[in-house]
Amino acid sequence: MPLSRRRFLLAAVLPMLTVGASGVLSIASGQQTSAETADGKGPAAALPASTTSGTVVQIVAHPDDDLFFMNPDLSRSLLAGIPVTTAYLTSGEADGRNEARGGEAKDPEQPADRAQYAEARQNGIRSAYAQMATGDRTSAWKRTVIPTAGGGQAELDVLVARPQVNLVWFQLREARNPAAENPDSLRGLWNGRIPALEAQLTTGTPVKQQFSYTKDQVVRSIAGILERYRPTTIRMQDPTPGRYADTGKYTDHQDHMYGARFVQAATALYAEQVADRPRFSVQNYLGYHNGTLPHALDPQTAETKTGFLKTYAWQDRTDYCGGSPSGCGDRKVAGSPTGRNWAQSLRYARADTSSWLTEGTPGRLWAFAVLDGRMAVWNRDRAGTWTGPALLPGTGIDPGATAVRLPDGRVTVLATRTTLGPGPADYRREVVYAAQAAPDGPFGAWQSLGTPEPGDEPGTSAVSAPAAAVDAEGRLAVYLRDTRRTLRARVQQPSGAFTDWQQLGGEDLQSDPIAVVDSAGRRHVYATTTKSALAWTQPSPGAPLAGPYPTGLPATTVPLSAARDGAGVRLYFRRPDSGVVRSALVTAGPGAPQVSSVSESGGRAGYGAVGVAGRSVTGRADSGTVAATTLGGPPAWTESRMLYAGAPSAVLDPSGTTTTAVLGLDAQLHTTTGRPAAPAPTWHPAVLPPPA
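Quick note, the sequence shown lines up with residues -21 to -1, 1 to 671 if you use mature numbering (1 follows the signal peptide of the UniProt record, and there is no 0).
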């Protein structure tokens, strides 16, 4: 049957989240608090204001992956004073020559020394982290050895001035080539080409014991680091980066991709086997593919990021690492500290859409995010009280969620799910959805819509997160970007069954698609390309979706958001090299949709998708914190003191009240509620944790 029927101050240390005793309404076991009332005068005024808190663990393949692809998230987390640990799976030894590409003549008399080059990269990383965390690149580190859960040893470096900043070095051998097949690599180990992968110890490391790891030992070693540090946010690279259409090669380094798959398996093991731990979210980061897309960072932020890379690259040749014979940094990066157009961007590979908060029956809100590899659900009742999170049954859910409301007030949540297995062909990603059986009721079991690429055994399962729209009869239409970067769809029929995956065309699609229904009931689907955006629209309700149509919009930084606006749909996106939020109104009808001129709001800002409700726009300010601006208002953002993961989501109720939500680095839901003329928004935790 159809579903219808069945400015932020980057102080050295930000205060951790504390709960005041006065004015907090505690309900039942203390798991619930009264939410902010629509006029901003309710009990939420007594709740603690949200600030950056939590614990971050980053796991990357090589020294510098964090600096290129996770900054400025990394540097802002360090400045916020929260505990940050980065683990490096390989030594990054490459060809063993520490020389700037194109900037230094090669010395044929100097033999390659992989152990020394790997040590130089370690020196560069320690200097860059010291600079980011303390402002002094020479700040001292304590280097020790720790056992791993996989039976080997790792080097642990602790920043003496800021002991909550740690580096963990697994020191496994790298692939030594971005793409070429090499059995002695993470890829070879994952795919069963070798029984174990050897270590590549660096010169000067306190680890003296040679070791090797099986596939299972790598997974257990990573899970052991997670258990040691108990993160609330895990940052990792993209396990499904996709392929180039012309060459068929991966769009990212093979170590990035397969290292991320090891991290996927390790997070699943950690979630399953460690019960006494905080909940955690996962954030995936785009890698090499950033170099082909418009710059996502404003020039000032990119310059600061590049400065840390110059420290890592030992560009000034100053001895700031204690006279190490290996050198104080990675001279390969010195010739081009921005990489191949990487330093000017940061992009999330998943969870960068703003469609995860929705109204159900009148007055009730539902929010969704993935915690511990499961879908977490929060609910706000009509009295304004949030409860949750409750975790839906079923594991393997990828970061990111899309929620839609059915005509009778029931809610459906969609996501992708990754299946891990013993063989390389067992790695699969599919689209799943779960629907409420009745309005305000529990969610049913996950239903699979499969994947348009079931035979992609040697590929990467690089499908996007799903977008969805519901028609007046409650039938669901689901849209997906496939590995070939075209649009695919499955549409529910009157019988309740779905069509096969339809091919809707397009090319060079970069973002997760977005779907929205206008006031006339016509479906709109949009996706960005490298240079613009494409549209698919219904000429009338119930008609087949037509397109793709060129919109003529300028290039974007990739993620899109959309909301109804009058008779059309307004798109929101960021201007490259700026972060300014732009918008344009699109009106459907016979033939190509009509697109208005582009307007701008908010002034220079951050990156990533924005949440929109009415005339309120929420996203990252240039400080990285969650901030708000108003369409047509002054060109400025009202900033908070809270860093967050993913994208904001917002809803507008009939009275004109907006509710906006984000997932903090503490893996907690944070919300703000207000009216158009309300003062600057104050963020609060939606649900207070129980007393310790």
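Beta carbons: idealized from backbone N, C-alpha and C, even for Gly.
For this session: Between the Cα of G203 and those of I173, V147, V410, spot the shortest distance and give me the residue it belongs to.
Result: Within the sequence shown, numbered from 1, the residue matching residue 203 stands at position 224. For the residues I173, V147, V410, the minimum Cα distance to G203 belongs to V147.
Exercise. What's the gap between the Cα of L667 and the Cα of V589?
Worked result: In the sequence shown, counting from the first residue as 1, residue 667 sits at position 688. In the sequence shown, counting from the first residue as 1, residue 589 sits at position 610. Take the alpha-carbon of L667 and the one of V589: they are about 25 Å apart.
Problem set entry | Contact under 8 Å by Cβ, A514 with V565 | If you number the sequence shown from 1, residue 514 lands on position 535. If you number the sequence shown from 1, residue 565 lands on position 586. For A514 and V565, yes; Cβs fall inside 8 Å.
For this session: Say yes only if the C-beta of V349 is nearer than 7 Å to one or more non-hydrogen atoms of the ligand GDP, and no if none qualify.
Result: Inclusion of the ligand GDP in the displayed structure is not the case, the ligand content being empty and no account of it being possible.
Problem set entry | Span separating the alpha-carbon of P218 from that of V198 | Translated into the one-based positions of the sequence shown, residue 218 becomes position 239. Translated into the one-based positions of the sequence shown, residue 198 becomes position 219. In a straight line, the C-alpha of P218 is about 15 Å away from that of V198.
Problem set entry | Within the stretch 466 to 532, ranges of the beta strand (DSSP E) (whole runs, at least 3 residues) | 466 to 470, 481 to 484, 493 to 496, 502 to 507, 512 to 516, 525 to 529
Problem set entry | Cβ neighbours of T283 in the same chain (closer than 8 Å, five flanking residues each side left out) | In the sequence shown, counting from the first residue as 1, residue 283 sits at position 304. So the list reads P51, S54, once near-sequence residues are dropped.
For this session: Kindly give me the distance between the Cβ atoms of G308 and S106, rounded to whole angstroms, as I take these residues to be in contact under 8 Å.
Result: Looking up residue 308 in the sequence shown gives position 329. Looking up residue 106 in the sequence shown gives position 127. About 7 Å separates the two Cβ atoms, so the contact holds.
Exercise. Out of curiosity, what's the CA-to-CA distance linking G318 and Q471?
Worked result: By one-based count along the sequence shown, residue 318 stands at place 339. By one-based count along the sequence shown, residue 471 stands at place 492. Between G318 and Q471, the C-alpha separation is close to 45 Å.
Problem set entry | Expected contact under 8 Å - CB spacing of A447 and L393 to nearest Å | Taking the first residue of the sequence shown as position 1, residue 447 is located at position 468. Taking the first residue of the sequence shown as position 1, residue 393 is located at position 414. 5 Å between Cβ atoms; contact.
For this session: Consult DSSP for I213 and reduce its assignment to one of helix, strand or coil.
Result: Mapped onto the sequence shown, residue 213 falls at position 234. Strand.
Exercise. Which residues in the same chain have their Cβ closer than 6 Å to the Cβ of P660, if we skip the five residues on either side of it in sequence?
Worked result: To locate residue 660, count along the sequence shown from 1; it is residue 681. Closer than 6 Å at the Cβ level, and outside the excluded window around P660, lie A607, T651, G653.
Exercise. Is it the case that the Cβ atoms of Q216 and G266 are separated by a distance below 8 Å?
Worked result: The residue given as residue 216 occupies position 237 in the sequence shown. The residue given as residue 266 occupies position 287 in the sequence shown. Yes. Within cutoff.
Problem set entry | Rounded C-alpha distance that separates P368 from R359 | Locating residue 368 in the sequence shown gives position 389, counting from the first residue. Locating residue 359 in the sequence shown gives position 380, counting from the first residue. Using only the alpha carbons, I get a separation of about 11 Å.
For this session: For K228, I'd like the list of residues in its chain whose CB is within less than 8 Å of its CB, leaving aside the five on either flank, ordered along the chain.
Result: Taking the sequence shown and counting its residues from 1, the one referred to as residue 228 is at position 249. Hits under 8 Å: A158, R222.
For this session: Could you check the C-alpha separation between T374 and G643 for me, to the nearest Å?
Result: Along the sequence shown, one-based indexing puts residue 374 at 395. Along the sequence shown, one-based indexing puts residue 643 at 664. Straight-line Cα distance between these residues: approximately 22 Å.
Exercise. Excluding the five sequence neighbours on either side, which residues of its own chain have a C-beta within less than 6 Å of the C-beta of T561, listed in chain order?
Worked result: Taking the sequence shown and counting its residues from 1, one reaches residue 561 at position 582. Here residue 561 is Arg; the residue named in the question, Thr, does not match the sequence. Around R561: F552, R554, V577, E579.
Exercise. Is there contact between the stretch 422 to 436 and the stretch 393 to 413, where contact requires at least three CB pairs shorter than 8 Å?
Worked result: yes
Problem set entry | Sheet register partners of D263 (DSSP bridge) | On the sequence shown, residue 263 is found 284 positions in, with the first residue counted as 1. In the sequence as displayed, the identity of residue 263 is Asn instead of Asp. DSSP lists M215 as partners of N263.
Exercise. Taking buried to mean at least 16 other C-beta atoms within 10 Å of its own C-beta, is Q482 buried or exposed?
Worked result: Locating residue 482 in the sequence shown gives position 503, counting from the first residue. Q482 is exposed by the Cβ-count criterion.
Exercise. Per DSSP, what kind of secondary structure is P278 in: helix, strand or coil?
Worked result: In the sequence shown, counting from the first residue as 1, residue 278 sits at position 299. Three-state result, P278: helix.
Exercise. Tell me which same chain residues have a C-beta within less than 7 Å of the C-beta of G342, skipping the five on either side of it?
Worked result: For the purposes of this step, residue 342 is identified with residue 363 of the sequence shown, where counting begins at 1. These residues qualify, in order along the chain: R361.
Exercise. Who does L344 pair with in a DSSP beta bridge?
Worked result: Along the sequence shown, one-based indexing puts residue 344 at 365. Answer is E338, R359, bridged to L344.
For this session: Reducing DSSP to helix, strand and coil, say where G19 ends up.
Result: The count along the sequence shown starts at 1 and reaches residue 19 at position 40. Confidence is the limiting factor: at G19 the pLDDT is only 43, short of 50, which leaves the residue's position unreliable, though a coordinate-based value still follows. In this structure, G19 counts as coil in the three-state DSSP scheme.
Exercise. Taking all protein chains shown into account, do 16 or more other C-beta atoms lie within 10 angstroms of the C-beta of residue 740, making it buried, or fewer, making it exposed?
Worked result: Since the displayed the chain opens at -21 and closes at 671, residue 740 lies outside it and no answer follows.
Exercise. Roughly how many whole angstroms lie between the Cα atoms of E72 and A245?
Worked result: Locating residue 72 in the sequence shown gives position 93, where the first residue counts as 1. Locating residue 245 in the sequence shown gives position 266, where the first residue counts as 1. Distance between the alpha carbons of E72 and A245: 24 Å.
For this session: Would you identify the three-state DSSP class for P403, choosing helix, strand or coil?
Result: Reading the sequence shown from its first residue, position 424 is the one you call residue 403. P403: helix per DSSP, three-state reduction.
Exercise. H41 to R594, Cα distance in whole Å?
Worked result: Counting from one through the sequence shown, the residue named residue 41 turns up at place 62. Counting from one through the sequence shown, the residue named residue 594 turns up at place 615. Straight-line Cα distance between these residues: approximately 43 Å.
Exercise. Can you tell me the Cα-Cα spacing of D601 and F477, whole angstroms?
Worked result: One-based indexing of the sequence shown puts residue 601 at position 622. One-based indexing of the sequence shown puts residue 477 at position 498. Approximately 43 Å between the Cα atoms of the pair.
Problem set entry | Proximal residues to A541 (C-beta, below 6 Å), its chain only, five neighbours per side dropped | One-based indexing of the sequence shown puts residue 541 at position 562. So the list reads I493, V495, V548, L550, once near-sequence residues are dropped.
For this session: Find out if the Cβ-Cβ distance for the pair A328, N263 is shorter than 8 Å.
Result: Residue mapping note: residue 328 aligns to position 349 of the sequence shown, counting from 1. Residue mapping note: residue 263 aligns to position 284 of the sequence shown, counting from 1. Their beta carbons are under 8 Å apart, which means A328 touches N263 by this criterion.
Exercise. Whose C-beta lies closer than 7 Å to the C-beta of A292 among residues of the same chain, with five residues either side of it excluded?
Worked result: Mapped onto the sequence shown, residue 292 falls at position 313. Excluding sequence neighbours, A292 sits near G103, G308, D309, R310, V312, A313, P316.
For this session: Report the rounded CA-to-CA distance for Q101 versus T211, giving the unit in angstroms.
Result: For this step, residue 101 is matched to residue 122 along the sequence shown. For this step, residue 211 is matched to residue 232 along the sequence shown. Near 26 Å, if we compare the C-alpha coordinates of T211 and Q101.
Problem set entry | Top-ranked residue by Cα proximity to T391, from Q196, V449, M236, T366 | By 1-based counting over the sequence shown, the position of residue 391 is 412. With distances taken between Cα atoms, T391 lies closest to V449.
For this session: Within its chain, find whatever has a CB closer than 7 Å to the CB of T127; leave out the 5 residues flanking it on each side and keep chain order.
Result: One-based indexing of the sequence shown puts residue 127 at position 148. Within the same chain, T127 has close Cβ partners A133, S200, G203.
For this session: Using the Cα positions of A665 and T617, report the straight-line distance between them to the nearest angstrom.
Result: Locating residue 665 in the sequence shown gives position 686, where the first residue counts as 1. Locating residue 617 in the sequence shown gives position 638, where the first residue counts as 1. For A665 and T617, the distance between alpha carbons rounds to 20 Å.
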